[in-house]
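Numbering-wise (my numbering), the sequence shown opens with residue 4 and increments by one. Idealized CB from N, CA, C, for every residue including glycine. This one's a predicted model, so the numbers in the text were calculated from it and none came from an experiment. These notes concern the structure reproduced below.
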Amino acid sequence: MARMFSRKKGKSGSSRPSNKKAAWVSYKPEEIEQIIVKLAKAGKSQAEIGTIIRDQYGIPSSKAVMGKSVQKVVTEKELGSELPDDLLNLIRRAVKLRAHLTGHKHDRYSKRGLELTESKIRRLAKYYKGKDILQEKWSYDPEKAKLLVR
4 MARMFSRKKG
14 KSGSSRPSNK
24 KAAWVSYKPE
34 EIEQIIVKLA
44 KAGKSQAEIG
54 TIIRDQYGIP
64 SSKAVMGKSV
74 QKVVTEKELG
84 SELPDDLLNL
94 IRRAVKLRAH
104 LTGHKHDRYS
114 KRGLELTESK
124 IRRLAKYYKG
134 KDILQEKWSY
144 DPEKAKLLVR
């Protein structure tokens, strides 16, 4: 897929195994769910949980074994944050860029990066509002974002 703002083609991602059943996994779905809950309580993000489960426990995909994704397990147990992880990561990046621009007012490249990041935040928020994941009255405010990230 092409990159959105860089005018380059980008790299293709890795492909998952064609075999959807992970027959070599010795864990039961209940055990995997307990591992996910333990990691979520430890403060890990959903992406980190997926990576840990893959690398340390040898589970290629929780969805292939359990029938549920990591996100679904975390939301069922109400352990996640009120904002989705991808939106929260973009907000963190925007806060860091704003902090950088307070000391470097003439950094045009960072200003452009901040504009692009904030437009991605607004676009993603619009998507999540349509999916009823975010409240309809939620809006991105840079001053509130500082408090939200910390």
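- H107 has its alpha-carbon roughly 9 Å from the corresponding atom of S113.
- In the structure shown, the three-state DSSP call for K147 is helix.
- Taken through DSSP and simplified to helix, strand or coil, R153 comes out as coil.
- Of all alpha-carbon atoms in K147, E36 and K41, the one lying nearest the alpha-carbon of R101 is that of K147.
- In the structure shown, K12 adopts coil according to DSSP, grouped into three states.
- The segment 111 to 128 makes no contact with the segment 61 to 81: fewer than 3 CB pairs, one atom from each, lie closer than 8 Å.
- Look at K24 here: in three-state DSSP terms it is coil, with no helix or strand label.
- Shown here, P63 sits in coil according to DSSP, grouped into three states, outside any helix or strand.
- Here A26 is exposed, its C-beta having fewer than 16 other C-beta atoms within 10 Å.
- In the three-state reduction of the DSSP assignment, D58 falls in the helix class, which pools H, G and I.
- With a cut-off of 8 Å on Cβ pairs, the segment 55 to 75 is not in contact with the segment 119 to 134, counting fewer than three such pairs.
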